[in-house]
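If you count by mature numbering (1 follows the signal peptide of the UniProt record, and there is no 0), then the sequence shown holds residues -19 to -1, 1 to 940, one letter each, in order.
Where is the CB? At the ideal position from N, CA and C, for every residue including glycine.
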Amino acid sequence: MRIICWMILVLVISTSGSSSDFEALLELKKGIKTDPSGKVFTSWDANALSSSDKCPQTWYGVSCSSGDVTSIDLNGLGLVGEFSLPVIAGLRKLQNLSISDNHFSGTLSKIGSLRSLKHLDISNNMFRGSLPSGIDDLDRLKYLDLQGNGFSGEAMSLFSQLHSVEYVDVSRNSLSGSLDLGLAKSSFVSSVRYLNVSGNSLVGELFAHDDGIPFFDSLEVFDASSNRFSGSLPSFSFVVSLKILRLQDNQFSASLPQGLLQESSTILAELDLSLNQLEGPVGSITSSTLKKLNLSSNRLSGALPLRIGHCAVIDLSHNNISGDLSRIQSWGDYVETIRLSSNSLTGTLLPSQTSQFLRLTSLEAADNSLQGELPFVLGNYPELKVIDLSRNQLSGFIPGNLLVSEKLTDLKLSNNNLSGSLPLQDASSAGNLSLTSIDLSHNSLSGVLSGELTRFHSLVTLDLSYNNFEGNIPDGLPDSLKVFIVSANNLSGNLPESLLRRFPDSAFRPGNNELLIETPKDGITLGKHKYHHMRSSVKAALIIGLVVGASLLALVCVWFHCMLKRQHEEDKEKMDDVTDEKSSLQKNEPSPSPSPGKNSVPSSSVTSTSTTKAKLLVSEHPSSSQVSASSTPSLSRIHNSPDNPRSRQTSVKLDGNLYIFDACLTTLTAEELSRAPAEAMGRSCHGTLYRAVLGSDNTVLAVKWLREGTAKGKTEFAREIKKLGNIKHPNLVSLQAYYWGPKEHEKLIISRYIDAPCLAFYLQEAGLLNLPPLLLENRLKITLDIATCLSHLHNEESIPHGNLKSTNVLLKPPELTALLTDYSLHRLITPEATSEQVLNAATLGYCPPEFASSTKPYPSLKSDVYAFGVILLELLTGKVSGDVIDDEQGVVDWVVMLVGQNRAVECFDPSIVKTHASGVGVLIDVLQIALSCISQAPERPDMKSVCQELFRIVLKGTN
């Protein structure tokens, strides 16, 4: 009898456990608002289960064992909603929880109750706030991935809780503090194999007390890149199994620990210390395991190392390394990629005969002082794909076998002293002409352009400008050719109409005075630059848009007049009251003198609102505190849309939902925001911008009240703005919160208020606003600040800024740190509003030419690069893009014209040239980057390479 009772009890408990698992999963399903694939919504159905099912293992992503849920795997479904761990706290047998690459938010409390958990992956979601607590109770946990969220707080608060975890990734969050793993549990230090803390805000010395740290017995991969670590690099002698070490993009200084390069107890295979401030020489590399070494963009000096061990990739570019290049002859046969550009190397390139470098795929040694001739052996390397030896002092002929090398795709030999003809005599017999890019500009090459050029069917870029070529331009150049430049030569004969249609006049002029131009049938002449044509298309689009807009505005005005006439009598008394309030406030209001900054943008991009404070924000009964705060009433006084001319100033509580991304505002409520005194600072195509002051602690916020009909739908808006709210960078004014009200016009975006002038004011109105002049070092710092921020957005977040212009670049004193604002708003607004934003940018000259031919132009990484190039030109010239200079030319056209006429120095701001005569070379370097950024879309560089090049230039300019 006892046995029977015991069996019944076990059965009841088992049934109860399964039932609670069902309920937990169904409760979890309730938090999911959007399921794009439908896999969860369709399969997680209690009615579809039979009474014999002990566990819902037929539900998508659910696995069971012995009637208990052991795994939930919802990776990559794009689910939107709230994922609350307390809901599934009763799943005591759960071993795997994987919900990566979704759009979940919520709390991560009570995680310690999941004591069976071994695998936890919540990466690339929208969780924010403090790191999960209770992890200390998960003594079985082996895999922890929190990357790509918005977690904040001290990193060590997490690491001090971990037990025997083998894989930890907390990259791309907002973690702070130092990293002293001597305070972590010894079981964690000895068991962890993969540790990634990159893309956070960690500071201080790395492993400051490495002598007291237990040995990392198992650590194979350690990535602490893109933080703010400083000081000397540790020796890493306490890490015996390390294979990959990535510490790039920090602030490490002092010398390079030679132990990392030596044959020792470490088995390091990859070492990346680029983008730091390391100094001193690079000693011989004796490690037999090191395959990839990146020490670029530091301050390393001395000669090249005599030996590089078994390195396949070595990058020492953008340093101060000097001495003879011939030392690479002793580098062995393992090397595949050599990057030595932007140093001070001398000597000849390579010996005339060698059996080395048979695995070499890339040889980059541009911007040095190399001399001598190009060795014939360059064309014989069987795997060589990339050669960049531009900006050196090379002389002699181009080897006859180089252009027909079997695998060569990219050849850059510009800015040297090369002479002779273009050796293409072997092209007809070559089996595979693989070149896609040839740049031989700025040399002394001569002879005719052989018709064999037409055999390069993969060619995309061909630059032969500034040489002494003569004769005809061959007809039948490949259709793949996108960039073709032969200006500043002595070419003659007829220019085929096909070339004239495909390429701008700058491809042929200046120079080539005997080149005859065939006028196309449609009458287009050589002077019609493609760029100008596209700009004309933009202007045409603007005119059409303005005409249509004016017509609509007229209809609205007629309707509005009728409505006013109809309601005149019932509104008369109320409007009189508002008028009385305006008069009263204007009498007591001090003269406005707002600081020029984000919230007072120039008239080029927003409408001035010097009287808006009285017109839009008048309070019926302003309290003394409100009057003292610049006499500005609260946000709740803005009834109806702030862009509506009939807006009424009545006290209406903000009764929608306030969502906060920043931990600094966790106590902020919609009610407190309603009471915040606010001052209108300006209008843009998105809406109206206010400066609001919180009463609790006088925190100042910038509140953008979106124009009615601008925002996307609630679900899509919430998904996108939460992504944007998790983006952090020192040069970015991050979003802190947003408010979604019940009415169409009640959409607010909230960020911290920055009391700083924008770049446009420094360029346009510095004298009127008593702003100090921008020195050369200021301008270089500003360019690097903007570039690093864009590089982060593009490479780490994979999103464009989308609205880059000088009015959206704040310069925060005293260091004039550049801060980008209004980033990625195109992801929050409707296609119509995005088109209006693009049109506004086009009128100011920040839109790329390709937008003119697009029916639905949309911000992209390439358009960001173009806008950045325009800002570089603004900093170089001291003019803003919208300025009209000579012959109705904008800044871009004007600079391109001067460069084409070999008068580039004339475009620079005279105030810089006068005070920094020795810095003209640096200006030329920046100008070259700017020109590459405003080139045709396929030829624009990515922001990562732009950032590295600017870093080198800044180092040169400050040394």
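Per DSSP, residue i is paired with what?
| i | result |
| --- | --- |
| Arg700 | According to DSSP, Arg700 bridges with nothing at all. |
| Asp296 | Asn275 and Arg320 |
| Cys770 | The partner list for Cys770 (beta bridge, DSSP) is empty, contrary to what the question assumes. |
| Asn739 | The sequence as given places Cys at residue 739; Asn does not occur at that position. According to DSSP, Cys739 bridges with Leu791. |
| Glu495 | Ser473 |
| Asp120 | BP columns for Asp120 are empty, so no partner. |
| Cys928 | For Cys928, which the question treats as bridged, DSSP gives no partner whatsoever. |
| Thr802 | DSSP output for Thr802 lists no bridge partner at all. |
| Glu135 | Ser157 |
| His84 | Val61 |
What would DSSP say about residue i, mapped onto helix, strand or coil?
| i | result |
| --- | --- |
| Lys273 | strand |
| Ala250 | coil |
| Pro922 | coil |
| Gln38 | coil |
| Lys224 | coil |
| Met662 | strand |
| Ala70 | coil |
| Leu757 | helix |
| Gly180 | coil |
| Trp875 | helix |
| Gly850 | helix |
| Leu857 | helix |
| Ser844 | helix |
| Ala651 | helix |
| Lys786 | coil |
| Ser386 | coil |
| His775 | helix |
| Leu443 | strand |
| Val467 | coil |
| Ala205 | coil |
| Leu326 | strand |
| His100 | strand |
| Ile454 | coil |
Buried or exposed: which applies to residue i, given that a residue is buried once 16 or more other Cβ atoms fall within 10 Å of its Cβ?
| i | result |
| --- | --- |
| Lys837 | exposed |
| Leu(-11) | For Leu(-11), the pLDDT reaches just 38, beneath the cut-off of 50, and the residue's location in the model is therefore unreliable, leaving the point undetermined. |
| Gln406 | exposed |
| Ala718 | buried |
| Glu796 | exposed |
| Arg884 | exposed |
| Ala659 | buried |
| Gln128 | buried |
| Leu750 | exposed |
| Gln232 | exposed |
| Ser395 | buried |
| Glu495 | exposed |
| residue 958 | For the chain, the structure presents residues -19 to 940; residue 958 sits outside this window and is missing. |
| Leu597 | Residue confidence for Leu597 is low, a pLDDT of 26 falling below 50, so the modelled location carries little weight; the figure read from the coordinates is stated next. Buried, by the Cβ-count rule. |
| Gly902 | exposed |
| Thr696 | exposed |
| Asn177 | buried |
| Ser589 | Note that Ser589 scores a pLDDT of 30, beneath 50, so its modelled location is shaky and nothing firm can be said. |
| Leu287 | exposed |
| Gln445 | Before going further, note that residue 445 is Leu rather than Gln in the sequence given. Buried, since its Cβ has 16 or more Cβ neighbours within 10 Å. |
| Asn470 | buried |
| Glu345 | buried |
Rounded C-beta distance between residue i and residue j? I'm assuming under 8 Å.
| i | j | result |
| --- | --- | --- |
| Tyr734 | Val819 | Actually they are not in contact, since the Cβ atoms of Tyr734 and Val819 sit about 27 Å apart, beyond 8 Å. |
| residue 949 | Gly57 | Only positions -19 to 940 of the chain appear in the structure, and residue 949 is not among them; the question remains open. |
| Val146 | Phe132 | Wrong, their Cβ atoms sit about 16 Å apart, outside the cutoff. |
| Thr435 | Gly457 | 4 Å |
| Gln929 | His299 | 6 Å |
Stretch-stretch touch, CB-based, cutoff 8 Å, three pairs: the segment 873 to 889 with the segment 792 to 812: no
Inter-stretch contact at 8 Å, needing at least 3 Cβ pairs: the segment 711 to 728 / the segment 103 to 111: no
The segment 237 to 256 / the segment 268 to 283 touching (three or more Cβ pairs under 8 Å): yes
The segment 737 to 748 contacting the segment 808 to 817, beta-carbon criterion three pairs below 8 Å: no
Validate contact between the segment 902 to 917 and the segment 843 to 854 using beta carbons, cut 8 Å, 3 pairs: yes
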